[in-house]
Amino acid sequence: MTHIKQEAEERHVLTVTVDNEAGILAKIAGLFTARGYNIDSLTVADITENHSVSRITIVTHGPPSQIDQIHAQLERLVPVHKVVDLTEAGPHVQRELALIKVSGTGEKRVEALRVADVFRAKAVDTTTSSFIFELTGSPEKIDSFVAIMRELGLVEVGRTGIVAMIRGAEAA
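Numbering-wise (the numbering used here), the sequence shown opens with residue 3 and increments by one.
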């Protein structure tokens, strides 16, 4: 009987510093697609005054050998300056922004406001029958808030994806 050893899946946060040029995001997405890797979250932001460099934050998961392969493949792309696996680099801060629409009246409306206060969610739009809350925090915090709001009249959720930085004075 043959035993195939399965590597445990790990979640990793990668930051990729790239030249801000047309097609780079498609190249990176294509690299993941061609190899059957999944992207859990993807954010891109211009990070220089002259708009020449962008930072892409990618959250992915897989066994360690796959993560190493993703890292190596990303570093081979021509417009890529640097790839940092924040998960491996050490303590880092990661945050996500979400807009959560909740409808309800009466007691459910009051409870939604109370829960939002506990989570420090801010009501950015209010009607007599709904709210749109803005919430920033860890993905787990947002997941918890959304789960509670499901019981109270959740209508819609929009999430930005994760942005992350290594802790301390040094750049990643």
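Ideal Cβ positions, reconstructed from N, Cα and C, are used throughout, including at glycine.
In the three-state scheme derived from DSSP, where H, G and I count as helix and E and B as strand, Thr-89 is classed as helix. DSSP places Ala-100 inside the beta strand (DSSP E), whose first and last residues are 94–105. Restricted to the region 124–149, the beta strand (DSSP E) segments that are unbroken, complete and at least 3 residues in length are 124–128, 132–139, listed in chain order.
For Ser-67, the uninterrupted alpha helix (DSSP H) segment begins and ends at 66–78. Contact annotation: the region 114–125 does not touch the region 35–53, with fewer than three C-beta pairs closer than 8 Å.
Three or more beta-carbon pairs separated by less than 8 Å link the region 13–25 to the region 69–83, which places the two stretches in contact. Within the same chain, Glu-9, Glu-12 come within 7 Å of Pro-66 by CB-CB distance, once the 5 residues on both sides are set aside.
Following the DSSP letters along the chain, one finds Ala-31 inside the alpha helix (DSSP H) bounded by residues 26–37.
In the three-state reduction of the DSSP assignment, Arg-122 falls in the coil class.
The region 130–144 makes contact with the region 90–98, as at least three CB pairs between them are under 8 Å.
Per DSSP, the unbroken beta strand (DSSP E) holding Ile-168 starts and ends at 156–168.
Residues His-14, Val-15 of the same chain have their beta carbon placed closer than 6 Å to that of Thr-89, with the five preceding and five following residues left out of the count.
Residues of the same chain with a CB within less than 6 Å of the CB of Ala-123, apart from the 5 flanking positions on each side, are Phe-135, Leu-137 in chain order.
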